[in-house]
Amino acid sequence: MNRNLNVLIALIAGLSVILGFWGYYELIPGSYSVSHRLTETVYQTMRLFAMDFFDPAMQQAWGLPEVWEPSLKLQVARFLAPLVTIVTLLGAFSLIVQNLFRRMRIALFYRNHSVVLGKGQLTEVLVRDLLERKKRVILVAGDPLASYPKDILRQPRLIPIQGSTLHSSVLEKAKINRAKEVFFLNEKDEENVLSSILVFQMGVAAVRRGESVKTAGYMQLARPSLIQQIKADRKLEALGDFFHLEIFDPYDRLARSLVRQVLTDLRRRAGGEPTPQRLLLIGLGKLGSRVLEQILRQWYLPDLPALEIQVVEPNRDQIQSMLNDFPILRYLDGETGAPMEGQVRILFRDMHFPKVEFRCQSAEVFYNDYLRLEPDAADYDCAIISLGEIIENYSLASFLHHSETPVFNRIYFRLHRKASEVGNFLDELILQQDPLREARDSAMIPFGMAEEQGRWDALVQPEIDLMARTLHETYLSNLDGVTDTPALRPWEHLGEPFRDTNRAAADHLWFKLAWLGVELSSKSNMDLAGLANHVEEKLKAQIENETLIPLAKSEHDRWMADKLLDGWLPGPQRDNKRKLHDKLVPWNWDGPVPLVFEGFKALDTVDIDKDIRVLLEIPNYLRAVGQKG
1 MNRNLNVLIA LIAGLSVILG FWGYYELIPG SYSVSHRLTE TVYQTMRLFA
51 MDFFDPAMQQ AWGLPEVWEP SLKLQVARFL APLVTIVTLL GAFSLIVQNL
101 FRRMRIALFY RNHSVVLGKG QLTEVLVRDL LERKKRVILV AGDPLASYPK
151 DILRQPRLIP IQGSTLHSSV LEKAKINRAK EVFFLNEKDE ENVLSSILVF
201 QMGVAAVRRG ESVKTAGYMQ LARPSLIQQI KADRKLEALG DFFHLEIFDP
251 YDRLARSLVR QVLTDLRRRA GGEPTPQRLL LIGLGKLGSR VLEQILRQWY
301 LPDLPALEIQ VVEPNRDQIQ SMLNDFPILR YLDGETGAPM EGQVRILFRD
351 MHFPKVEFRC QSAEVFYNDY LRLEPDAADY DCAIISLGEI IENYSLASFL
401 HHSETPVFNR IYFRLHRKAS EVGNFLDELI LQQDPLREAR DSAMIPFGMA
451 EEQGRWDALV QPEIDLMART LHETYLSNLD GVTDTPALRP WEHLGEPFRD
501 TNRAAADHLW FKLAWLGVEL SSKSNMDLAG LANHVEEKLK AQIENETLIP
551 LAKSEHDRWM ADKLLDGWLP GPQRDNKRKL HDKLVPWNWD GPVPLVFEGF
601 KALDTVDIDK DIRVLLEIPN YLRAVGQKG
């Protein structure tokens, strides 16, 4: 029974009790004691719900005539109370039948289905998307499911189960071991971790019983320290051949998507001009820090000019956290100190990021005390606003959009969904504004809405993962001999940090293809074989025009940025334990070798050929993805 019917039944039951109590209390003679009258009245009122209106023996005891007419209060109560009883019994019977029918449906028809655990911000969008893809879905949530939209709960392919995702009995109802994929989307990271361990233990028990279990898990974790700890300790990755768990950060996924859009637009607007681009990032929280990280990892193409970045964050702890996660950012500002700092600055700053400045102040103070008072403040090519509140983001974006000095060509602002009615109303209000209807042609572009983050392909990212796996397997096949080093193991036994390295390379293929003039759609039904042939022709033209070398150099720069951000530093000899790499050197030496690189060797032809081979293999990657997909 739904909530409205339950409320109506409760109101009718309460009215029946009041009327019945009132009516019976008036019938009992006043000679009885008050306690006796109250006890007898309660007893007789309760009998109404058992469809027993009156005891004839009490009629004589209370001195009522043989023929008497009940009061209007009792007449109403004698009909309403049994009605409540009947409806309640029918509802209980219906619930029992529904549960039995649901168990039969799951037992008979649910194989290779999708299980969604939790009731977070993304679950509603994900469930809708899975149902649109004609998948069978089981939704398990500890919170009441009545708040879910009725059009979702009534879908024939969806079975909702209410209960804790930390109880094996609840997960057994969802037939976890038969599922094709499980999404851990609780709002608390700890619940997701514990649920994944429980699912793994259930899978182990099933395999021991001789059952075949092949389940893929996708777990949302939002705390960077926890993600890094789990990936470094390898506690939850590759838990078995029957259960592989992929940890994803929703903020990282959103940042990758946003940065792809931002950098594509900046590249198009720059038009290959060498003039440095200027970007303002306001807000360095969970999302803002990942946006900055992805910009530093992805800003590498031959025709991209240098990028000046200014970060404004009112919380000093957020800035310190970013510097702790990526110490090389300290080397991009100030005077050259130790030789190692000089090496990083040459590799990272002088080539691509001439300025990465952090300012600990509010956006309002930054504008009033710096932008407006700086007479020669240059215009900004882009601003990204990622503060905590959508009202603040929209107000600041609108304010910057209408400012006369400086001018912001593009303003991206976070417009995430809120649970409150005020938030939903504001979402609709903002989206109805004329400047936002055509995002591509607008200077104000919203991002971060749940509709963008919660889709199946946004969470699973099958193309990226498949491309990353193909990249790794192709690289292994080209080696003369495979050694048992952590980075050269088969994909099934590859550590999550090394998988992330391959995913970063796969993610950058989008930019390389765009540079070649090829648009790669995220749709899974695209003709990858035909696209591979087209890319092959483009690469041949680049070879003939001798313009492939700059693209290979940009791949080397991207690889260096990945290594530097992951804590590696240049070293004359490679040392995996100390994270020193001898290939972290510029692509070529322009003039004499810088003093800070004395003792280092320049890249040889083998290293250069390796980067070129990565480009020449792109058509093969696309064909392999098309065959496996």
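Just so you know, we're using the working numbering here: the sequence shown kicks off at 1 and counts up by one. Just so you know, even glycine gets a beta-carbon here, dropped at the ideal spot from N, CA and C. No experiment lies behind these values; they were computed from the predicted model shown.
Given residue i, which residues of its chain have a CB within under 7 Å of its CB, disregarding the five upstream and five downstream residues?
| i | result |
| --- | --- |
| aspartate 611 | Ala552, Glu555, His556 |
| tryptophan 589 | Ala602 |
| leucine 528 | Leu622, Arg623, Val625, Gly626 |
| serine 169 | none |
| valine 259 | Val291, Gln294, Ile295, Gln298 |
| arginine 578 | none |
| phenylalanine 101 | none |
| histidine 401 | Phe408, Ile411, Ala443, Met444 |
| isoleucine 227 | Leu221, Ile247, Asp249 |
| valine 87 | Ile9 |
| valine 76 | Leu19 |
Kindly indicate which residue of the options has the alpha-carbon position closest to the one of residue i.
| i | options | result |
| --- | --- | --- |
| isoleucine 18 | Ala602, Phe49, Arg208, Leu5 | Phe49 |
| isoleucine 346 | Ala206, Pro314, Ser35, Trp587 | Trp587 |
| asparagine 186 | Asp575, Leu158, Thr123, His508 | Thr123 |
| leucine 198 | Ala81, Ala216, Leu171 | Leu171 |
| glycine 30 | Pro56, Asp52, Met46, Gly63 | Gly63 |
| phenylalanine 511 | Trp299, Gly530, Thr501 | Trp299 |
| glutamate 308 | Phe326, Pro274, Asp582 | Pro274 |
| leucine 158 | Leu145, Ser403, His167 | Leu145 |
| phenylalanine 399 | Leu509, Gly14, Tyr367, Asp151 | Tyr367 |
| valine 460 | Glu181, His493, Val407 | Glu181 |
| leucine 266 | Ile411, Arg133, Gln98 | Ile411 |
| alanine 61 | Trp568, Leu27, Glu392, Gln98 | Leu27 |
| glutamine 542 | Leu516, Asp562, Asp369 | Leu516 |
| arginine 414 | Gln277, Thr474, Glu404, Ala397 | Ala397 |
| valine 137 | Ser147, Arg105, Gly120 | Arg105 |
| aspartate 129 | Arg278, Phe109, Gln155, Arg111 | Gln155 |
| leucine 72 | Lys563, Thr605, Gly20 | Gly20 |
| methionine 51 | Leu89, Val7, Asn533 | Leu89 |
Beta carbon of residue i, beta carbon of residue j: below 7 Å?
| i | j | result |
| --- | --- | --- |
| tyrosine 621 | threonine 485 | no |
| isoleucine 390 | phenylalanine 358 | no |
| tyrosine 25 | threonine 41 | yes |
| leucine 117 | valine 140 | yes |
| proline 302 | proline 550 | yes |
| proline 619 | valine 518 | no |
| valine 311 | leucine 284 | yes |
| glycine 142 | serine 114 | no |
| leucine 131 | serine 196 | no |
| alanine 174 | isoleucine 161 | yes |
| proline 631 | glycine 599 | Because residue 631 is not part of the residues shown, which for the chain are 1 to 629, the question remains open. |
| glutamate 617 | threonine 474 | yes |
Please list, in chain order, all residues of the same chain as residue i whose beta carbon is under 8 Å from its beta carbon, the five residues on each side excluded.
| i | result |
| --- | --- |
| alanine 222 | Asp189, Asp249, Pro250, Tyr251, Lys286 |
| asparagine 177 | Met202, Gly203, Ala206, Glu211, Val213, Thr215 |
| alanine 468 | Arg499, Asn502, Arg503, Ala505, Ala506 |
| alanine 255 | Leu287, Arg290, Val291, Glu293, Gln294 |
| phenylalanine 109 | Arg136 |
Report back the beta-carbon spacing between residue i and residue j to the nearest angstrom; my notes put them in contact at under 8 Å.
| i | j | result |
| --- | --- | --- |
| isoleucine 384 | valine 207 | So it is not a contact: roughly 47 Å between Cβ atoms. |
| alanine 514 | threonine 264 | 6 Å |
| isoleucine 282 | leucine 371 | Incorrect: roughly 12 Å between the Cβ atoms, too far for contact. |
| glutamate 313 | cysteine 382 | Their Cβ separation, rounded to whole angstroms, is 17 Å, which puts glutamate 313 and cysteine 382 out of contact at 8 Å. |
| alanine 378 | asparagine 409 | Going by Cβ atoms, the distance from alanine 378 to asparagine 409 rounds to 12 Å, so no, they are not a contact pair. |
| valine 127 | isoleucine 152 | 6 Å |
| tyrosine 380 | leucine 280 | 5 Å |
| proline 570 | leucine 548 | Contact flag wrong, Cβ pair sits at about 26 Å. |
| histidine 472 | tryptophan 491 | 6 Å |
| arginine 613 | glutamine 453 | Going by Cβ atoms, the distance from arginine 613 to glutamine 453 rounds to 35 Å, so no, they are not a contact pair. |
| leucine 80 | leucine 15 | 6 Å |
| aspartate 582 | arginine 574 | 5 Å |
| arginine 133 | tryptophan 568 | At roughly 40 Å, the Cβ-Cβ gap does not stay under 8 Å, so arginine 133 and tryptophan 568 are not in contact. |
Considering only residues of the same chain and omitting the five flanking positions on each side of residue i, which have a CB-CB separation below 6 Å?
| i | result |
| --- | --- |
| asparagine 576 | none |
| phenylalanine 183 | Val116, Tyr218 |
| leucine 74 | Gly23 |
| alanine 13 | Val84 |
| lysine 135 | Ser114 |
| phenylalanine 326 | Leu565 |
| lysine 418 | Low confidence applies to lysine 418: its pLDDT is 46, below 50, so where it sits in the model is not reliable enough to give any reading. |
Threshold first: 3 residues or longer. Then list the beta strand (DSSP E) segments lying entirely within the stretch 154-234, N to C. 158-162, 181-184, 215-220
In chain order, which continuous runs of the alpha helix (DSSP H) of length 4 or greater are located wholly inside the stretch 558-620? 605-616
Which full runs of the alpha helix (DSSP H) of 4+ residues lie inside the stretch 252-317, going along the chain? 286-298
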